[in-house]
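Protein chains in written order, with my numbering: chain A, 29 to 756; chain B, 29 to 756.
Written out as structure tokens, the structure is:
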């Protein structure tokens with residue numbers, strides 16, 4: 029009888045179903061074979077040539093009207109075609125290119141297009157159809173950093189730093205580089221906003237660079253076993269060691285130096301910082317005239333910082349402009365920026381009042397004015413409009429889930445620019461008078477506008493259609509609920525199963541991250557729902573996600589609630605989510621699962637072992653298992669050291685909770701994960717074995733902290749199968 | 029209604045069930061908390077004092093009557109008590125002992141008991157109640173080898189070799205030992221019967237030893253992450269590299285030298301073998317007078333060997349006594365043994381006629397007589413009875429599944445000694461006139477007899493009761509079926525589910541090993557059924573096992589059928605087993621599983637990927653995945669090199685078959701497996717990921733090739749759960 033009813037239902041609903049397609053996992057996961065064709069909203073490649081907006085096409089480049097958003101054929105760009113560029117490249121014995129999507133226009137005043145292949149750069153005058161300048165770096169050069177002012181290029185080879193000047197002369201900056209002594213590379217494990225290791229002075233004549241000695245640091249014994257296609261490659265058939273300097277919390281850390289190289293004299297001075305042991309040198313910035321260099325120095329405790337000024341020619345420290353302290357931690361992430369129209373003043377970003385805000389200082393370090401304030405976060409400084417005397421930035425002032433573009437003048441008057449909804453990724457023009465406003469919102473897959481920063485007038489360039497229009501898209505809802513503190517609003521996202529039947533009870537999976545510097549619910553397309561969420565909804569799961577205290581964009585107190593015992597408050601908040609889910613009649617509280625990666629893998633494992641009666645199945649990816657195995661910079665910021673906070677480390681260690689595992693837990697890790705090193709997962713396996721509990725395991729040999737490409741699709745098949753096996 | 033029926037059934041069957049107990053996994057698996065109490069048959073600890081048999085007790089030692097098998101109190105051993113021994117140990121400042129189970133009696137003519145703690149040896153006269161001699165080696169000494177003739181002890185410390193003579197003087201043999209240059213340790217990865225690295229001359233005045241240079245060998249990058257109890261231990265919190273010299277098939281191998289050290293002169297001579305590259309020096313034996321040393325030299329191809337005689341004082345090679353060739357491979361595993369009553373003759377074991385047999389040679393290498401022959405295998409030479417002029421050995425002449433004790437005289441007359449059934453583990457007395465005959469059979473848990481080698485008369489010492497008498501033991505059957513060649517008989521073992529109901533259809537699991545040097549079905553207790561087999565039968569599985577061609581004890585042709593393409597013929601034979609199972613009405617052919625470890629892990633993975641329609645689920649442990657990753661000695665014997673047999677390596681590589689995986693396959697490996705290195709399993713994972721197939725994975729961090737102790741119990745819970753999840 030039940031079978032007949034099912035058949036009837038199937039027959040009745042079939043016509044409706046047939047109207048819209050079902051997703052494949054390849055449609056939904058980046059790396060999937062059909063992802064770009066079926067999921068990625070249409071886009072246009074736009075860039076700035078001074079204040080002129082150019083659409084970079086396949087075989088030509090065209091100007092875009094800032095008034096109408098339409099491309100204008102004819103005019104100055106007529107001769108800028110793929111065919112012409114390739115003719116010139118060929119004539120000079122250079123490789124041709126396949127498209128112009130990456131063409132850039134560094135000089136507002138000149139018809140020069142840059143064809144940049146990283147190690148091979150070519151500057152072409154498309155009016156005279158001639159090659160203006162070129163550079164060819166060694167094939168093993170990396171970390172290239174080009175100064176458009178001097179045409180000098182900094183780069184590294186095997187951890188040594190070189191500069192090739194405009195004339196093609198090669199200037200070695202160092203010659204003793206090794207994996208343990210690196211020049212010109214990013215330092216401090218990319219924390220404190222550091223993303224690179226070279227910093228050209230404004231006129232491109234001096235190069236500031238990082239040098240890092242990590243010989244005293246423990247080396248994590250990574251192993252390379254990957255044999256693509258199953259065939260031994262390279263010199264050795266046997267797996268090879270790949271030791272990776274990795275300073276663990278509380279242990280000896282690396283030492284960082286800042287040098288300044290002058291290609292004209294081939295001379296390097298190092299900033300006279302004194303012994304660099306247990307000190308962080310971050311947020312390097314140049315004075316407009318290149319005579320001074322600024323950095324923010326932070327103590328190892330990360331609770332005291334100072335903005336220091338050095339002489340760029342002698343390396344001597346001139347003065348400390350000001351200091352900043354925080355009882356928990358102080359985390360500078362943005363270099364100071366001098367006003368383009370007044371080199372005696374700079375802006376500085378800090379969360380010292382509880383939210384990230386802009387402050388105006390004079391060059392003596394005197395605070396002139398707090399430019400922004402309120403219960404919102406300034407996210408990025410885009411630049412300046414000198415004519416208007418404004419600073420352009422993004423913030424979530426409109427809504428905690430949004431990111432919008434604003435200007436602020438020196439009196440603190442803020443103006444919203446462009447569309448007031450959604451999540452914006454703007455690109456400012458040379459003078460700051462316009463920006464390309466690429467944005468999405470829960471109902472907008474992608475819009476691109478050109479917006480004037482003076483008056484906010486916008487012209488639409490693209491309104492991309494919904495790539496999922498022909499698919500069965502599940503219902504996606506958001507809302508707020510109270511954190512475990514009873515006060516704070518937390519945002520959640522709830523996705524109902526495709527073809528939702530409110531009479532049924534569904535297995536429910538919580539996707540969690542939960543750590544700092546990240547969030548999951550925002551006002552982007554589909555409220556930031558992940559492709560896998562959609563896939564799981566299609567498989568008949570309720571999908572839930574909650575940004576707990578500790579996550580980003582909600583202010584310092586929100587983030588610092590987790591200080592010295594990561595995971596504890598976060599879990600309490602996630603349990604608020606569970607309580608909410610239990611009030612929903614269609615959620616089967618006996619079939620609750622949880623999945624997360626990295627900090628989310630830590631959260632997943634924590635939840636599975638701390639609340640064994642709540643969760644029946646979980647999948648933890650690349651988890652932190654014990655913060656003692658995590659690195660110094662990130663780890664000690666939130667946890668202090670194992671020496672100074674033994675209780676916090678003990679309380680949060682999942683090795684201690686391995687004996688509490690009851691449900692089914694699959695732990696997955698990248699075989700060469702350099703972030704959450706394999707020791708985390710393997711130690712947890714060992715602890716579970718010793719405790720007589722039974723996790724499951726999978727690994728992606730050769731992969732790092734995240735799976736990419738087809739591995740990412742494979743991964744999500746594995747995760748889905750695990751919930752199908754144990755939660756359905 | 030169904031529920032009520034179940035309840036009724038439960039009530040009806042409860043009284044019957046209650047009569048016998050069910051096993052726990054701890055009852056059945058070595059390492060389980062109740063294994064020794066519930067599964068291990070009662071035993072007695074017996075040893076020889078010359079030709080007197082002594083039972084080593086907890087707190088006393090007693091003579092055992094060779095006529096009646098009973099212990100005799102009183103007499104000479106009266107004063108040999110734990111209390112007395114500990115008094116003497118204490119009086120000399122030595123640690124006391126807890127029992128006398130390990131007491132040995134090296135000197136037939138003297139009332140001396142040896143208390144041997146490895147590094148601390150004490151020889152006590154229990155009549156005079158005095159300490160005769162003692163030695164205390166450094167705490168980090170290992171590989172101890174004691175000569176009872178000279179009382180000298182050889183041992184190694186950090187890969188260097190030392191000898192401490194009877195007077196306590198320490199003689200360093202080497203001082204340049206490193207992990208890459210080892211002295212006094214076993215060589216050639218324990219192949220060719222090699223188990224140790226030191227060999228005392230008959231009178232204990234000269235020490236032959238192995239030296240091995242493995243600096244030219246690739247080092248497998250093992251990693252130590254184990255943190256027992258979840259707490260960081262040792263100097264470093266970060267995982268540590270543990271490189272292990274591991275020569276992979278076809279790659280550069282190590283070099284072995286044989287030295288002879290004279291503690292009286294502190295002088296070492298090395299045998300003048302010439303360049304040791306790609307040569308094996310095995311089966312070291314001393315001439316009775318210590319003037320000559322013999323070894324079998326084998327080429328890297330392992331198809332040509334020679335028995336060579338060297339001068340023990342000069343190291344010069346004197347002559348080759350004879351050579352032996354085989355078109356596939358020649359595998360010498362037993363050193364020659366001179367007749368105790370005639371030093372001009374020795375016995376030699378070889379399979380040159382197709383089975384392992386004893387041959388008598390004179391010391392010039394002239395073959396005098398083949399002593400044993402027939403379609404059976406000589407297993408071990410136990411020693412000699414000089415008075416009778418006989419050689420004592422074990423063989424499976426009675427039945428291919430048995431191992432019995434025989435004597436043979438120099439005319440080739442063989443005599444069965446002791447019980448004619450089962451599987452015997454004999455220990456010969458000093459003169460060879462008696463042996464302790466410890467044996468089991470399918471219906472005998474353990475018997476111990478004392479047997480005269482002159483007339484075969486036996487006295488029973490122990491008839492252990494069945495430790496499973498109170499348990500529900502499943503039905504265990506054996507039989508033969510034809511191999512895939514249509515000719516050869518293969519032995520199988522079939523275990524029916526506990527409480528077998530012939531009307532039901534059961535999931536069925538094949539346990540497989542299948543490689544050389546091992547077998548699974550024999551005439552030991554319960555036909556060699558493993559504890560896990562019993563456990564699975566109790567969970568409702570049919571358990572099946574078949575010793576395919578390639579396994580041991582069936583002759584050379586049987587073993588060499590697999591030459592140059594390991595796994596291929598073995599799988600064909602296993603499929604014969606599958607066909608047999610399909611004829612059994614109670615076997616559910618849609619729910620067939622397979623499990624094996626090491627070579628059996630290779631077989632399991634091979635079967636799962638080669639016959640994806642046959643097997644629904646499998647668990648492969650510590651598998652070989654590609655013989656290119658296996659070591660030189662074992663691997664090249666059966667597979668030749670990847671260079672000389674590329675087709676065989678390609679044909680058997682499971683990396684190539686990763687794309688054929690359809691069923692559920694769990695692969696498990698020891699995190700520090702030094703035998704089948706983790707590269708096997710990890711490369712297979714990578715190949716499956718690349719091919720879009722979906723194996724499962726588990727690992728035991730810190731464990732080697734096999735799981736021991738409580739890990740072994742955990743492992744079998746994991747294996748069982750996997751079949752419960754995917755086969756039931």
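Using N, Cα and C, we set each Cβ at its ideal position, and we do this for glycine too. Since the model is a prediction, treat every value here as computed from it, not as a measurement.
Taking CB distances under 8 Å as the criterion, tell me whether residue i reaches chain A.
| i | result |
| --- | --- |
| residue 243 of chain B | no |
| residue 717 of chain B | yes |
| residue 246 of chain B | yes |
| residue 60 of chain B | no |
| residue 544 of chain B | no |
| residue 260 of chain B | At residue 260 of chain B, the pLDDT of 46 sits below 50, so the modelled position is not reliable; the number obtained from the coordinates is stated separately. True, the Cβ-Cβ gap to chain A drops below 8 Å. |
Does the beta carbon of residue i fall short of 7 Å from some heavy atom of the ligand ATP?
| i | result |
| --- | --- |
| residue 82 of chain B | Summarising the ligand content, the structure contains no ligands, and the ligand ATP is consequently not present. |
Can the beta-carbon of residue i be found less than 8 Å from the beta-carbon of residue j?
| i | j | result |
| --- | --- | --- |
| residue 184 of chain A | residue 171 of chain A | yes |
| residue 301 of chain B | residue 309 of chain B | yes |
| residue 702 of chain B | residue 732 of chain B | yes |
| residue 694 of chain B | residue 728 of chain B | no |
| residue 276 of chain A | residue 657 of chain A | yes |
| residue 358 of chain A | residue 332 of chain A | yes |
State the Cα-Cα distance for the pair residue i and residue j, rounded to the nearest angstrom.
| i | j | result |
| --- | --- | --- |
| residue 402 of chain B | residue 188 of chain B | 46 Å |
| residue 244 of chain A | residue 278 of chain A | 14 Å |
| residue 764 of chain A | residue 142 of chain A | Any question about residue 764 of chain A goes unanswered here, given that chain A covers just 29 to 756. |
| residue 628 of chain B | residue 341 of chain B | 46 Å |
| residue 316 of chain A | residue 217 of chain A | 28 Å |
Go ahead and pull the three-state DSSP assignment for residue i.
| i | result |
| --- | --- |
| residue 202 of chain B | coil |
| residue 290 of chain A | strand |
| residue 454 of chain A | strand |
| residue 437 of chain B | strand |
| residue 488 of chain A | strand |
| residue 565 of chain B | helix |
| residue 154 of chain A | coil |
| residue 83 of chain A | strand |
| residue 610 of chain B | helix |
| residue 698 of chain A | strand |
| residue 469 of chain B | strand |
| residue 250 of chain A | strand |
Residue i CB to nearest chain B CB: under 8 Å?
| i | result |
| --- | --- |
| residue 713 of chain A | yes |
| residue 266 of chain A | yes |
| residue 728 of chain A | yes |
| residue 753 of chain A | yes |
Taking C-alpha atoms, which residue in the options lies nearest to residue i?
| i | options | result |
| --- | --- | --- |
| residue 479 of chain B | B:505, B:221, B:298 and B:445 | B:445 |
| residue 442 of chain A | A:584, A:419 and A:100 | A:419 |
| residue 194 of chain B | B:686, B:160, B:227 and B:207 | B:160 |
Could you list which residues in chain C have their beta carbon closer than 7 Å to that of residue i, in chain order?
| i | result |
| --- | --- |
| residue 742 of chain A | Checking the listed chains, one finds no chain C in this structure; the protein chains it contains are A and B. |
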